[in-house]
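S.K.:
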Amino acid sequence: MVDRVRSVVFGEAVEQYESARPGYPEQLVTEVLEYAPAGPVLEVGAGTGKATVGFAAHGVDLTCVEPDPRMAAALTSKCPGVRVESGRFEDYVPDRPFTLLYSAQAWHWVDPERRWDLAHAALAPSGALALFWNRYVVTDAELGAALAAVDHRHGVTSSSLHRSTSVQAEESEHLLAHDPRFTDLDIRHYVHHTWYPTERYLDLVRSISAYRMLDPAAREPVLGELAALLGDGVEIAFRTDLTLARRAH
Ligand SMILES: C[S@@+](CC[C@H](N)C(=O)[O-])C[C@H]1O[C@@H](n2cnc3c(N)ncnc32)[C@H](O)[C@@H]1O
Numbered sequence: 001m002v003d004r005v006r007s008v009v010f011g012e013a014v015e016q017y018e019s020a021r022p023g024y025p026e027q028l029v030t031e032v033l034e035y036a037p038a039g040p041v042l043e044v045g046a047g048t049g050k051a052t053v054g055f056a057a058h059g060v061d062l063t064c065v066e067p068d069p070r071m072a073a074a075l076t077s078k079c080p081g082v083r084v085e086s087g088r089f090e091d092y093v094p095d096r097p098f099t100l101l102y103s104a105q106a107w108h109w110v111d112p113e114r115r116w117d118l119a120h121a122a123l124a125p126s127g128a129l130a131l132f133w134n135r136y137v138v139t140d141a142e143l144g145a146a147l148a149a150v151d152h153r154h155g156v157t158s159s160s161l162h163r164s165t166s167v168q169a170e171e172s173e174h175l176l177a178h179d180p181r182f183t184d185l186d187i188r189h190y191v192h193h194t195w196y197p198t199e200r201y202l203d204l205v206r207s208i209s210a211y212r213m214l215d216p217a218a219r220e221p222v223l224g225e226l227a228a229l230l231g232d233g234v235e236i237a238f239r240t241d242l243t244l245a246r247r248a249h
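Counting in full-length UniProt numbering, the sequence shown runs from 1 upward without gaps.
(1) I'd like to confirm something about Gly45: is its beta-carbon nearer than 7 Å to some heavy atom of ligand 1, or not?
(2) Which residues in the same chain have their Cβ closer than 6 Å to the Cβ of Leu131, if we skip the five residues on either side of it in sequence?
(3) Is Glu66 helix, strand or coil by DSSP?
(4) Is the CB of Ala56 under 8 Å away from at least one CB in chain C?
(5) Going by the beta-carbon positions, is the gap between Val222 and Val156 smaller than 8 Å?
(6) Is Ser172 near ligand 1 - that is, is its Cβ less than 7 Å away from at least one heavy atom of it?
(7) For the putative contact between Pro97 and Ala124, defined by C-beta atoms under 8 Å, what is the C-beta separation to the nearest angstrom?
(8) At what residue ranges does the UniProt domain "Methyltransferase type 11" (42–130) contain a whole run of the beta strand (DSSP E), taking only runs of 3 or more?
(9) In terms of residue numbering, what span does the beta strand (DSSP E) encompassing Arg247 cover?
(10) Just to confirm the assignment, what range does the beta strand (DSSP E) spanning His193 have?
(11) From Pro112, Leu230, Ala245 and Asp111, pick the residue whose C-alpha is nearest to that of Leu185; which is it?
(12) Determine, using beta carbons only, whether Leu226 and Val150 come nearer to each other than 8 Å.
(13) By DSSP, does Tyr24 sit in helix, in strand, or in coil?
(14) Less than 8 Å between the C-beta atoms of Ala46 and Cys64, yes or no?
(15) Should Val110 be listed as close to ligand 1, given that the test is whether its C-beta is under 7 Å from any heavy atom?
(16) Taking the C-alpha atoms as reference points, what is the distance between Ala177 and Ala217?
(17) For my contact list, Leu161 and Leu204 are in at a C-beta cut-off of 8 Å; report their separation, rounded to the angstrom.
(18) Classify Leu205 as helix, strand or coil using the three-state DSSP reduction.
(19) One question on the structure: do Ser209 and Phe10 come within less than 8 Å of each other, judged by their Cβ atoms?
(20) Are the Cβ atoms of Glu31 and Arg188 separated by less than 8 Å?
(21) If you measure from the CB of Thr48, is any heavy atom of ligand 1 nearer than 7 Å?
(22) Using the three-state DSSP reduction, which class does Val9 fall into: helix, strand or coil?
(23) Nearer than 7 Å: is that true of the beta carbon of Ser7 relative to any heavy atom of ligand 1?
Okay, here's the thing in structure tokens:
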């Protein structure tokens, strides 16, 4: 069951989202395009275009589905050449068979009862499905545990920044492995490290739905306690988990 309110809180913090969230490795984009047959590409939950820019740079014919008008406005100004369909993927009616459907950090927001049927219907035979998520790990394990303890004290328990897991990728792998409509399952991982100065890190926190769901009055003490632990900043290891599969027939 998708939390509908939580699924569209990102546009409230569009500036922080755009400045603080990481993008996706160029190598991932290249490998997804190598795996997929050539043709029209569909992105689900494009947000401000963090993944879109990489695919658009390859000159693909790209359609993006995005329900939040504030995120969509940022996307359009960043990637003027792509077609943007406003609305949820559940309500989108594909106007052509796509040879690639990808979704970055967004597939878990689409109705779990319908998303595999919708993906299958949107893809051409042999068309590729590429689902990916970034996980954040504070490289200093002791500091990471102290940051997680702040979350826990304030009741931020699900999908907090300091307890990110690969559950969404693993669930997708499992379901695709057992769905005869998809084949050629391929799992890949990409890791890179980034230094986050404290203010940028706090913007990253502000862009995450688990913290956005707190009242602003409850959110500020969390940010204050996290900042007090950080000093100048923090090194984060970003691990991108990619699940690839192909429509079988
Ligand atoms: C965490 S953001 C990811 C945005 C972007 N792909 C990125 O990697 O930065 C999730 C996005 O999914 C969108 N979204 C939420 N529910 C959706 C749905 N049912 N169909 C399509 N997109 C949805 C949100 O509006 C938001 O822009």
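Glycine included, every Cβ here is placed at the ideal spot set by N, Cα and C.
M.R.: The short version:
(1) Yes - ligand 1 has a heavy atom lying nearer than 7 Å to the Cβ of Gly45.
(2) Within its own chain, the residues whose Cβ lies closer than 6 Å to the Cβ of Leu131, once the five positions on either side in sequence are excluded, are Ser103, Trp107, Ser172 and Thr243, listed in chain order.
(3) Correct three-state label for Glu66: strand.
(4) Included in the structure is just one protein chain, with no chain C present.
(5) Less than 8 Å divides the Cβ of Val222 from the Cβ of Val156.
(6) Not under cutoff, so the answer is no.
(7) The pair is a contact, with the Cβ atoms about 4 Å apart (cut-off 8 Å).
(8) Here the runs fully enclosed are 62–66, 83–86 and 98–104.
(9) Annotation for Arg247: the continuous beta strand (DSSP E) segment containing it runs Gly233 to Arg247.
(10) Counting along the chain, the beta strand (DSSP E) containing His193 begins and ends at Phe182 to Pro197.
(11) Among Pro112, Leu230, Ala245 and Asp111, the Cα nearest to that of Leu185 is on Ala245.
(12) Taking C-beta atoms as the reference points, Leu226 and Val150 count as a pair closer than 8 Å.
(13) Reduced to three states, the DSSP call for Tyr24 is coil.
(14) Cβ distance < 8 Å, so Ala46 and Cys64 count as in contact.
(15) At least one heavy atom of ligand 1 lies less than 7 Å from the C-beta of Val110.
(16) Rounded to whole angstroms, the separation of the alpha carbons of Ala217 and Ala177 is 44 Å.
(17) Here Leu161 really is in contact with Leu204; their C-beta atoms are around 7 Å apart, less than 8 Å.
(18) Position check: residue 205 holds Val in this sequence, whereas Leu was assumed. DSSP, reduced to helix, strand and coil, places Val205 within a helical segment of the structure shown.
(19) Contact flag set, yes.
(20) Contact flag set, yes.
(21) Taking non-hydrogen atoms of ligand 1 into account, the C-beta of Thr48 is found less than 7 Å away from one of them.
(22) Val9: coil per DSSP, three-state reduction.
(23) Flag set: Cβ of Ser7 near ligand 1.
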